[in-house]
Structures are given as structure tokens and as C-alpha cells.
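Quick mapping for you: the protein sequence lines, in order, are chains G and Y. If you read the first sequence in our numbering, its first letter stands for residue 3, the second for the next number, and so on. If you read the second sequence in our numbering, its first letter stands for residue 3, the second for the next number, and so on. C-beta: ideal position from N, C-alpha, C; glycine also. One structure is given here, and the rest of the page talks about it.
2 protein chains.
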Amino acid sequence: MQEHKASNLAEDAEDPFAIDIAEGLSDADIAYTLQALDAEDFIGLKTIIEELSPNETAELLAKIGGDERRALLERYGAQLDPVVFLEMDPELRRACLNEMPPERVAIIVSDLESDDALDLILPLDEDIQREIIKKLARKDRIAIEEGLNFPEDSAGRLMQREFVSIPQFWTVGKTIDYLRAASEELPDDFFDLFVVDSAHHVVGEIPLGRIVRARRSEKIDDLALEEIHTIPATMDQEDVATLFRREDLTSAPVVDEDGRLIGVITIDDVVDVITEEAHEDFLRLGGVEQGDMYRAALSTSGYRFRWLFVNLLTAILASVVISFFEATIEKIVALAVLMPIVASMGGNAGTQALTVAVRALATREISGINALRVVWKETMVGAINGAAFALITGVVAGLWFSDPMLGGVIGVAMIVNLICAGTFGTIIPILLDKAGVDPAVASSVFLTTVTDVVGFFAFLGLAAIFMA
Amino acid sequence: MQEHKASNLAEDAEDPFAIDIAEGLSDADIAYTLQALDAEDFIGLKTIIEELSPNETAELLAKIGGDERRALLERYGAQLDPVVFLEMDPELRRACLNEMPPERVAIIVSDLESDDALDLILPLDEDIQREIIKKLARKDRIAIEEGLNFPEDSAGRLMQREFVSIPQFWTVGKTIDYLRAASEELPDDFFDLFVVDSAHHVVGEIPLGRIVRARRSEKIDDLALEEIHTIPATMDQEDVATLFRREDLTSAPVVDEDGRLIGVITIDDVVDVITEEAHEDFLRLGGVEQGDMYRAALSTSGYRFRWLFVNLLTAILASVVISFFEATIEKIVALAVLMPIVASMGGNAGTQALTVAVRALATREISGINALRVVWKETMVGAINGAAFALITGVVAGLWFSDPMLGGVIGVAMIVNLICAGTFGTIIPILLDKAGVDPAVASSVFLTTVTDVVGFFAFLGLAAIFMA
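Take a look at the structure:
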């Protein structure tokens, strides 16, 4: 039925191609593709692309320029494996599919399983979505439209509608006979059977490993897992991921509001959710949005502008604080030289506390019961490192400007600012999370405001009192 | 054989307990546990803990204070499910296990599968590790010692030694008969069979879904997957994760240097790697290390000190740049008021570019072929937003200090700094990655140096030329 293509990495560890399999698409492959495209060598092009896995083809389309991508899709789009589009960053997928004729996209969509088809269609513009749905076969259209009825990022959208369910009164023998007879209609891959009662409620789940080792006479009811976790179709996908991780699940049944089995979520769907959420959190902390990498420069600038604008307001606020002390600075210019040190150390120490807190909130390692303990710990860390850096900066500043009082002032300001950084670095994300605002997005602006204002105020204020 | 405990979330969606299952351990549960512990109510304590899943127990131990944790482990440690310790943050696990007697830890280790046992023992201090290994049964000891021979973070450490392999000349019927007969010795859960030749080389892989639907007369050789990906035991776990993601694998055979099958890696092991790597990258970008959350304040301060110290050097460098212009600042104090704006906007814009680049390098979306295109795009984004913010800040500064020249100077400095921020925000991580340094850790220090130095130099330098 199939050929074996065992890529035995261990045996040819010295062969550079062996590394290729882990590393994926090489730059040489890409360069060669571009050459073939440029020379209009379509047979060469076909040969290369047929050798790539869908993921590698997606990587190829991501790494070449926009014009080359359009040319490649125009020439070769019809022959691409539909999975290629699933493997792309959503923003890139959007760019590719929006440019292809809806008939072509409809063919791609029909080739996919229901959850994947939905994933593919979702990032597209709504009118293009409607175009494509219109062109689908009735069965596919209904599946997609039902999927679109579930809330965004819900279990209903994540689930696959293809699953295998059997009645609870069957035996292992009858089950295997059924699977053999129904082989054609079963999903390509499945790892669990769901046991249902006459009302199609899930009463059990059986990993296939239990079926293949059981005697034919054994009852299905006796083999089912002790505990199953049914997931309502409306559950948020982040909660689904948390449940999978907490309970070490490999698959779980999804039920409608009447408790009837309507789909299954498997761990590979959850891997995508976990990766995506972590990816998003990472980007948000840096003030960018998902898909940024695949937007054109002008569009990227627009998205990033808002974040920078908010930061500008913060920076202006800090300037206003400095302007209160213009007279003092005019007398002692050394203050202008040293003041960024206090603000920047506060910002960095605060970011450390904030990063830990934002991550711990995302993984639910912080809740009401230990929130105060975490804030207190960070305040202590701020005090300890504040004292250490007060000493270092105090000595450096005192020697540099031959002014022990200046050293004292910067030292005290450093302690004050690092304590505030620790306290606010944890309190801000915790309060934002409580208020229902994503702490990964908004925390750092508030924190910078605190560490800048406190830093400049403490340093320049103390100088105004003790030195001017 | 087992009871069914179907937690039917859909049916009782209004019941607050329904949410509990997705949300996990509630703060009320924790408070109740602490009360029982305080009142020495051991029966109450036992009742609560027996109702928690291992993951929830781990969460409980993470969220209570150190003293309470010690008390709980002392009273109740012997009865805890070994899986509880697997679910913990490694730093917390270390703290828990280091305090328990080695005999107790040895019992926990013997209860686990080989890959989990290794995970558990690895974060412990080496002398405690040796203590524990000494106390293990011979078979477990050998498995652990063999695992320790593989490099850290390698496939050999990640893999499970329990798997099911069958000869290639068997039929489906013979395979099922074998699985039924050998049921006792098989791993608890398995989803694939590995087909091996007489030298124990892997020649194929069969998902169980293919076995249960096939007729007894079918040949194993005909059912095996077209393509299998064998993983050398020495492959780095990040490469393993990339391979799983790229090829959408659910499991893969691990082979020794002679190509013989020695273990299997399943997708749930890979989920842990993916989560851990994303977690680590996130924390590193903020200048903290994994486990930070579970270290005491003093130890945390020590870890974070290094990062802050490097940042202090950067800040001092920026101060040196400012000190070149002391005379100019003395004449025009407005410069001291406005200069943090230019540096801070450069820092934020650079961080945006850097965040995207660091993430794209981690997911291999940037390589030689598109690196220059990415740098060029970011430079353009810097120029566009630089122009926008030059206008805004120029007008604000000009009006604030009634000095159009000051507005012009800050505007030009803003453009220069934001262009540098875009260019260096991408070039720095790309070069660090090329040099083999983790860009998530080191990039931001270098970037801040650039944006501070360029920002202060451009603003104060232009002012010195055109205004003083």
C-alpha cells in the first residue's frame, strides 16, 4: 500500500542532509526555488516543491518576498497541498488566500477536516468568506456555518466533527467488527473511542491501546476510563488548554448544551493553542501584535504607532516632572547627567518583577491567596537590590563629581525607586488582571510611568532639598 | 473494573462548580486546607487532598507559604501521588524533594515511568541524586543511570523507554493476539506500534487506528506509515519539538547510534518542551530566569543583580554622553527636560522591532535568505514612525518652550533615533543568533545602549550646533 521512507538520522549523522530534517528548509533550497521561478523553469519548480513537506512549503512562502510569493501562487497555487495554508502564520495566510480566486479557496477548504477548514477561512475578510462558503458543497457549507455559530476562540471552533462513538452495551469483539466494516467512513486518524448512551450523552472514553489488548468477550463498559472530562462547546480555548495540561489529556469529547457528543478535541489542536497564546503574550509584552512580521512596513507602522503614542504621553509626563526642577538643574548640571540612571534602573528592575508576574498570572500561578505574598517578596527584592545599587551608584557618582552629597542623594533615590519598581511591577499586572484587562499589554506603560515619575522626583527632589 | 465519573460540564453550566473544573483549584479550597492544617485536622486534610487532581495538589503546594508547605509535606508527603511532583515548577520541586528523606523520594521515583523519573531527579543537588539512586531497585537504577548518560535536554532524556514493537512480517491478527497475550507487560497507554527488522532497526510506524480497523489477514508491512521520522537519542529537545510541529507528529521512535529502537517520544512530552521554551524566552526577554517565582527574596535578588548590573553600565555610558554636553545644558535647561523623551521613544520602538525579531528567530521564521529584508522593513517602519513622532514631539516641544528651533532639533533627533532603533532592533538579535548567543537574553542591553547613546547624542549634539 505505501512505500517506507525511513529517514534514519542516526546512521548518517555526519551527512549534512541529516541535520536538514531537523532544521527544515535550507536557505539553499529557497534560493534554488527563486532561481527556478525567475527562469520560468516550471518543471524544476514542481520537482522542488513536491519534495517539501507542507510545513516547509509554508516556510518557503513566508521567507520569499511579496512579489515572488504572488508569482509562485499564481503559477503553482492550484497544486499546493491544502495543509500548506494551515501551517502558515494567520496574517500570511490571509495575504495568500485573499489574493487567490474564491473557487480555488473553496476547493482547498473542501479538502480539509472541519476544524481545519474553519481555521483557514476565519482570518479572511468577511465578504471573501461569504464568497467562498457560497461555493462549497452543501455538507461542507453546513459544517462551516455551524462552526461559525460558536463564539470565537471557543471549543466548538477548535473541535473536529469527525470522531468514533460506540454504544456502551457493546463488547470489544463487536466494536472491532464494526470498526473493520465502517473503515471507509472513519476519520483517518483517531486515538480514542467515545462510549455513548442512547441519548448520545458521553458516558466514557477508551484509548485504543485498551481495545487492542483486550479479549473479544470483554465489555466496553468495563474498559472505559474512570474519569472523563467533557468540554462544553462554548468553553474558551485557553480554558481547554488549561484543562488538557492540568489533567494530562490526549483527547476530550465536546458536547452541546444538551450534553450530546458533537465533536472531539485532540492534543495536537491544543498544542497550537498553547503555542499561539505563548507567542501572543511574548509579542504583547514588547508592544507588538501577532502577524506583525507579515505586514507591510506602512501597515506595521500604523499598528505600532498607538503603543508608541501612549508611551510618548508617559515620557512627556516624566518631562513635566523634570521641568519642576529646572532651577536646581541650572545650578547643578551633574543632576541632568545622572538622572537617567535612576529612572532606567527603576524601569529595568520593575520590568523583571512585571515579567514574572505577567507570566505567573497567565499560568494561574498567582491568585488571591498568594497575591500579597508575591507583592511583598518583590518589594523585598527591590529593597535588597536597591541597597546594593545605591552603594555602587552612590560611590560612582560621588567620585565622578567629587561630591559625596550627590552620591548620597542618588543612592537614596535608587533605593526608593527600586522598592517602588518591585511593588508596582507586581501590583499593576495583578490589578489589571482583576479588572479584566490583559496585563501583558497594558502593564508596562503604567509601570514606566511610575518608575520615571518616582525616579526623577526622588532624585531631583532630594537634590533640591539637600544640595541647592 | 472502574467507575465512571463523567463530569458533565454542559448540563450544569449554571453551577459555579462547573467553572471550577476549568479553573482548577479555588482560593477557597486553599484557605480550607490551610485551616485544616493549622487546626491539625488530619482527617479533614486527607479528605481535601484526596479530592484534588495531582496538578491541583501541585498548585496548592505552590501557592501556600514555605512553612505551611514544609508542614504539609511532613504530615502528608508519604501519601501524595508521585505525579504531583512532576506537575510542579522545577524550582519548587527541588525545594520540596530536597527536604524529603531520600528513601521517600526513591519510592516516588520507582513509581514513575522512566522519562518522568529522570525529570524528577534531575533538578536535585548531585549528592542527593546519588543518595536516591543508591536506594532504587536495580532495574530502575540502570534505567536512570542510562538516562543520565544522554546529554542534557536531549531526546534520550525526553523519551520513554516503554514502547511496543513488532516484527515486520507479522499480520494484524498475529499482532492483536500478541498484544492480548502480553497485555500485562505493555505500557499503560500507547498510541502507535513500531515495526522493526531483525536488527531492531525501525522500518515503520502504525497508529493504533489503523490496526483496529484492519482485517486480521492484513500484513503489518502494508499498514505502516509511508514516512517515519526516527530521532537520534542525542538530538536536542528543541529540534525534537520543531520536528514534531513541522511534521505534525503524535509520536516518533528514538534510536541509538547504531539505529536501534531504544525509546519513543510522544506529543505530550513535546507539549512540555514547547511550553517550557516559550516560558523561558518570555522570562529572558524581561531579564529574569526560570524558577524565579519560587526562589526566596534574597536568592532572587542575587540572580537578578547581574542583569541589572549590566544595565547600570549601559546607563552610565549614556550619562557619559550627556556629560559631554554639560555646557550646552547649563545654557538651555529645556534640553535636560526633553532629552529623556528622545531616548525613551527610541527604546520603545527598538523593543518592538526586537521582540518580533527574537520571536521569529526562535521559530526560525528568519534565516539568511530573508534577514536583510526584515532589517530593511524595520528600518522603514522606524523612518515612518520617526517622521510621525518628529512632527508631534516637535510641535509639543516648540510650543512648550516657545522655541521653534528646539522643536526642529528634537524632531530630527527623533527621526534619527527611531531609524537606528528599527535597524539595530533587528540586526542585534540576528547577529547574536549567528554568534550562537541566545538573542532573548542579550539583545535588549545592546539595543538600549544604542538607543540611549544615539538619542542623547543626536538631540544634545544638534542642540549644541544649532542653538548654543
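Residue i - DSSP class collapsed to helix/strand/coil
i, result
"L285(G)", "helix"
"T268(G)", "strand"
"K221(G)", "strand"
"G206(G)", "strand"
"S346(G)", "helix"
"T173(G)", "strand"
"V257(Y)", "strand"
"R262(Y)", "strand"
"I334(G)", "coil"
"S301(G)", "helix"
"Q292(Y)", "coil"
"P56(Y)", "helix"
Inter-residue spacing [alpha-carbon to alpha-carbon] between residue i and residue j
i, j, result
"L126(G)", "E115(G)", "18 Å"
"D250(Y)", "T268(Y)", "12 Å"
"E278(G)", "M90(G)", "12 Å"
"L462(G)", "T49(Y)", "59 Å"
"R163(G)", "S55(G)", "26 Å"
"G158(G)", "V339(Y)", "55 Å"
"V418(G)", "S404(G)", "23 Å"
"A80(G)", "E105(G)", "11 Å"
"V290(Y)", "E291(G)", "23 Å"
"G424(G)", "E70(Y)", "25 Å"
"L27(G)", "E58(G)", "6 Å"
"N100(Y)", "Q131(Y)", "9 Å"
"Y305(Y)", "L374(Y)", "36 Å"
"V197(G)", "E207(G)", "6 Å"
"P342(Y)", "A317(G)", "7 Å"
"H231(Y)", "A254(Y)", "6 Å"
"L47(Y)", "C98(Y)", "19 Å"
"I23(G)", "V322(Y)", "Interpretation of I23(G) is limited by its pLDDT of 44, a score under 50 that renders its predicted location unreliable; no figure is taken from the coordinates."
"E16(G)", "G261(Y)", "With a pLDDT of only 40 at E16(G), under the threshold of 50, the placement of this residue in the model should not be trusted; the figure read from the coordinates follows. Looking at the two C-alpha atoms, the distance is approximately 14 Å."
"G400(G)", "E328(G)", "22 Å"
"M469(G)", "V452(G)", "24 Å"
"W402(Y)", "V397(G)", "36 Å"
"S325(G)", "A415(Y)", "20 Å"
"V257(Y)", "V266(Y)", "9 Å"
"E128(Y)", "A119(Y)", "15 Å"
Start and end residues, beta strand (DSSP E) containing residue i
i, result
"S167(Y)", "167-169"
"F326(Y)", "Segment: none, F326(Y) is in no beta strand (DSSP E) and carries neither H nor E."
"V198(G)", "194-198"
"I66(Y)", "Segment: none, I66(Y) is in no beta strand (DSSP E) and carries neither H nor E."
"I230(G)", "229-231"
The alpha helix (DSSP H) enclosing residue i, as first and last residue numbers
i, result
"I144(G)", "140-151"
"E42(Y)", "Per DSSP, E42(Y) belongs to no alpha helix (DSSP H) and is neither H nor E."
"R106(G)", "104-112"
"D241(Y)", "239-249"
"V414(Y)", "406-436"
"M382(G)", "370-402"
"T453(Y)", "441-468"
"L27(Y)", "Neither: L27(Y) is in no alpha helix (DSSP H) and is coded neither H nor E."
"D121(G)", "116-123"
"E85(G)", "The residue asked about is misnamed: residue 85(G) is Val in this sequence, not Glu. Element bounds for V85(G): 85-88."
"L99(G)", "92-101"
"G158(Y)", "157-160"
"E133(G)", "128-136"
Contact belief for residue i with residue j at Cβ below 8 Å, rounded distance in angstroms
i, j, result
"V242(Y)", "L363(Y)", "Contact doesn't hold; Cβ gap of about 19 Å is too wide."
"L287(Y)", "F284(G)", "7 Å"
"V166(G)", "I178(Y)", "That belief does not hold up - the Cβ atoms of V166(G) and I178(Y) are roughly 18 Å apart, past 8 Å."
"T395(G)", "I421(G)", "At roughly 15 Å, the Cβ-Cβ gap does not stay under 8 Å, so T395(G) and I421(G) are not in contact."
"I134(Y)", "I123(Y)", "6 Å"
"A345(G)", "D454(G)", "5 Å"
| task | For the region 160-173 of chain G and the region 209-223 of chain G, state whether three or more C-beta atom pairs, one from each stretch, are separated by less than 8 Å. | result | yes
| request: Using a Cβ-Cβ cut-off of less than 7 Å, give me the residues of the region 177-189 of chain Y that come near chain A, in sequence order. | output: Among the protein chains in the structure shown, which are G and Y, there is no chain A.
| field | Three CB pairs or more closer than 8 Å across the region 388-396 of chain Y and the region 307-314 of chain G | value | yes
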